[in-house]
């Protein structure tokens, strides 16, 4: 479905961010584990560190699949957000139901100059969040969603 | 009491007895603290009395200042409330966006003939407003004006007469409050305890007092919950009026609620297994928004019972006559869904009739939710790993609120895909049909049937045969 025209994906920098996050955590944990068990033999310490690193690689593999699963599409009447590999989720949120748009950037996101756009409706479960957008794209999306929300407002 | 300000608005104050009622609340707290102090006897009596007087004086002063700085005014389209001494809080509540109006009479306020008016608006914990307190007559009068304004009528239109629909007898309410799963747990607990006692009468004392204490605390908690339920839903009565659903309940503190028909976001029927043999159920509606700043969440779930407890037949009657919804059969998911939801498969069912989507689930309590398609906030399709193995998927139809949705759980993948597409399209056209009536945020609000504006055969009908809800969206004619 994601190969259909009109589907947009987050910036490739989102993958750089996820990769860095995962790799840094895995290396730090591996070093900590190795240091903690060093007194009980070098073999054990290295073995555990390797196990942690392998787990990190598996995590990165899954994270890459998850990253590739993010997609969104601005249709005429609604926004479609699709995500997840194991738990596949697809949300359709009509513009008219939009209450407000949030653009946020956490500390790690700021390092990578990325932003998350979130569409809020009166239903808390609506779940229309798009992470890893370039600032320009985030601003464009925010303005477009705000304008469409105004034009098609349907109240509650 | 009232004064015309420079802005030409007729600003009014709250009832002058307000500080007394608020101070009375503090008196209760002070009395409780004082009695506790006295029983412990730690500090001298004078200190306790001085502290009590200081708290009382402070609460009265705060009450008087609050009364002095709070004013409200109602013009044709907006209710304005201004309050706050240091941090001024000026609210404008557009009458057209009202979700519900409640007249609440806490016990102490009732003694003084006062009432609190709570106005719920859509969207946002801070978007509502409350007036604490007005005289009862003023509160009822203001409610009538707000509801008339909400429906685009002249505000001087008197409150239309209501038609009583159902009440709940006290005996049934008490029985329903006792018949809850927690009571069964307590009974099992006691039986096990007695059985152990009879097997080994000479068990260790320490363990026994510990168990006894736990049981005592549990029973106390249970009694409190049961009592609260009975006290809040005592004397429950539901009535229909042209301007909405009217609810009345409460033992010491009474609440009168008015919900415009078009503001019902979802309908829910719960059937706990402990009521099953009696054939009872509970019917609730969800209304968006919350009154004032108390609820911190952006979009608090506001659930109102239309029938706290009653026979299923009565609930079905309310469903069709009051809410104007039609029952339609729900279909079960394929049998293989049993592998994914073994404990709730027996209650899983869902369906739609082009106007409403409905889904039921639950393990011990069957909960069925109906969401009118014009109220749909978003549609989601979710598939987990087990569901993928079994070729199943779930479609959620979200309505306003924290956890309000109709779930098509564990449907066949192809059915789920088709449903997903269909529900998106149908909810779009349902929404359009309603905005076509002028029921948009800014436009004048017509009285639109909550769901089946198109299927006009299930309209609630007045005693004298006139439709309570007009299908065309025109407001009902003013009552003489």
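Protein chains in written order, with my numbering: chain Z, 261 to 416; chain B, 38 to 517. Think of the CB as a built atom: it goes at the ideal place given N, C-alpha and C, for glycine as much as any other residue.
(request) From the DSSP output, in three-state form, read off residue 312 of chain B for me. (result) helix
(request) Note down, in chain order, each residue of its chain lying with its Cβ closer than 6 Å to the Cβ of residue 143 of chain B, except the 5 sequence neighbours on either side. (result) 290
(message) If we require 4 or more residues per run, which alpha helix (DSSP H) segments fall completely within the region 130-161 of chain B?
(response) 144-148
(request) Would you identify the three-state DSSP class for residue 487 of chain B, choosing helix, strand or coil? (result) Since pLDDT at residue 487 of chain B reaches only 35, below the 50 mark, its modelled position is unreliable, and the value read off the structure follows with that caveat. Here DSSP, grouped into helix, strand and coil, assigns residue 487 of chain B to coil.
(message) Counting only beta-carbon separations shorter than 8 Å, does residue 302 of chain Z have a partner in chain B?
(response) no
(message) Here's a check: name, in chain order, each residue in its chain whose Cβ is nearer than 6 Å to the Cβ of residue 492 of chain B, leaving out the five neighbours to either side.
(response) For residue 492 of chain B, the pLDDT reaches just 33, beneath the cut-off of 50, and the residue's location in the model is therefore unreliable, leaving the point undetermined.
(message) My output table needs one value for residue 104 of chain B: the three-state DSSP class, helix, strand or coil.
(response) helix
(request) Spell out a yes or no on whether the region 291-306 of chain B and the region 130-138 of chain B are touching, meaning 3 or more CB-CB pairs, one atom from each, closer than 8 Å. (result) yes
(message) Helix, strand or coil for residue 336 of chain Z? Go by DSSP, reduced to three states.
(response) coil
(message) Quick check: what's the CA-CA separation for residue 381 of chain B versus residue 424 of chain B?
(response) 15 Å
(message) Would you say residue 398 of chain Z lies against chain B (beta-carbon separation less than 8 Å)?
(response) Judged by the 8 Å Cβ criterion, residue 398 of chain Z is not in contact with chain B.
(message) For the region 98-115 of chain B, list every residue whose C-beta sits within 9 Å of some C-beta in chain Z, in sequence order.
(response) none
(message) Please state the DSSP three-state secondary structure of residue 193 of chain B.
(response) Shown here, residue 193 of chain B sits in coil according to DSSP, grouped into three states, outside any helix or strand.
(message) From the DSSP secondary-structure annotation, give me the bridge partner or partners of residue 390 of chain Z.
(response) Z:377
(message) By the 9 Å beta-carbon criterion, what residues does the region 400-420 of chain B contribute toward chain Z?
(response) 411, 412, 413, 414, 415, 416, 417, 418, 419 and 420
(request) Go ahead and pull the three-state DSSP assignment for residue 338 of chain B. (result) Since pLDDT at residue 338 of chain B reaches only 42, below the 50 mark, its modelled position is unreliable, and the value read off the structure follows with that caveat. Three-state result, residue 338 of chain B: coil.
(request) Sort out for me which residues DSSP pairs residue 268 of chain Z with in a bridge. (result) Z:332
(message) If you reduce the DSSP assignment to three classes, tell me which class residue 52 of chain B lands in.
(response) coil
(request) Could you please tell me which residues of the region 122-155 of chain B, in chain order, have their CB closer than 8 Å to any CB of chain Z? (result) 134 and 136
(message) Can you check which of these residues, B:419, B:272 and B:369, is closest to residue 343 of chain B by C-alpha distance?
(response) B:272
(request) Provide the residue(s) that pair with residue 291 of chain B in DSSP beta bridges, ordered along the chain. (result) B:142
(message) Could you compute how far the alpha carbon of residue 268 of chain B sits from the alpha carbon of residue 65 of chain B?
(response) 19 Å
(message) Between which two residues does the beta strand (DSSP E) holding residue 388 of chain B run?
(response) 386-389
(request) Give me the Cβ distance between residue 417 of chain Z and residue 359 of chain Z, rounded to the nearest whole Å; I'm assuming they're in contact under 8 Å. (result) Examination of residue 417 of chain Z is not possible in this model, given that chain Z is present from 261 through 416 alone.
(message) Which complete beta strand (DSSP E) runs does the region 338-362 of chain Z hold, if anything under 3 residues is left out?
(response) 338-343 and 348-354
(request) Leaving out five residues on either side along the sequence, give the residues of the same chain with a beta carbon under 6 Å from the beta carbon of residue 468 of chain B. (result) 411
(message) How far does the beta strand (DSSP E) with residue 430 of chain B in it extend, from its first residue to its last?
(response) It spans 429-435 - the beta strand (DSSP E) in which residue 430 of chain B sits, taken as one unbroken run.
(request) Flag this pair as yes or no: are the beta carbons of residue 170 of chain B and residue 146 of chain B separated by less than 8 Å? (result) yes
(message) Taking the alpha carbon of residue 437 of chain B as the reference point, which residue from B:415, B:454 and B:429 has its own alpha carbon closest?
(response) Checking every option, the nearest Cα to that of residue 437 of chain B belongs to B:415.
(request) Return no unless some Cβ of chain B is closer than 8 Å to the Cβ of residue 318 of chain Z. (result) no
(request) Identify whether residue 394 of chain B lies in helix, strand or coil by the three-state DSSP scheme. (result) Strand, per DSSP.
(message) Using a 10 Å radius around the Cβ and a threshold of 16 neighbouring Cβ atoms, would you call residue 303 of chain Z buried or exposed?
(response) exposed
(request) Answer yes or no: does any C-beta atom of chain B fall closer than 8 Å to that of residue 387 of chain Z? (result) yes
(request) With a cut-off of 8 Å on the beta carbons, I'd call residue 378 of chain Z and residue 388 of chain Z a contact; round off their distance for me. (result) 7 Å
(message) Please classify residue 312 of chain Z as buried or exposed, where buried requires at least 16 neighbouring CB atoms within 10 angstroms.
(response) buried
(request) Return the CA-CA distance between residue 480 of chain B and residue 181 of chain B, expressed in angstroms with no decimal places. (result) Only weak support is given to the placement of residue 480 of chain B: the predicted model assigns it a pLDDT of 26, under 50, and the value that follows is read from those uncertain coordinates. Taking the straight line from one Cα to the other gives about 21 Å.
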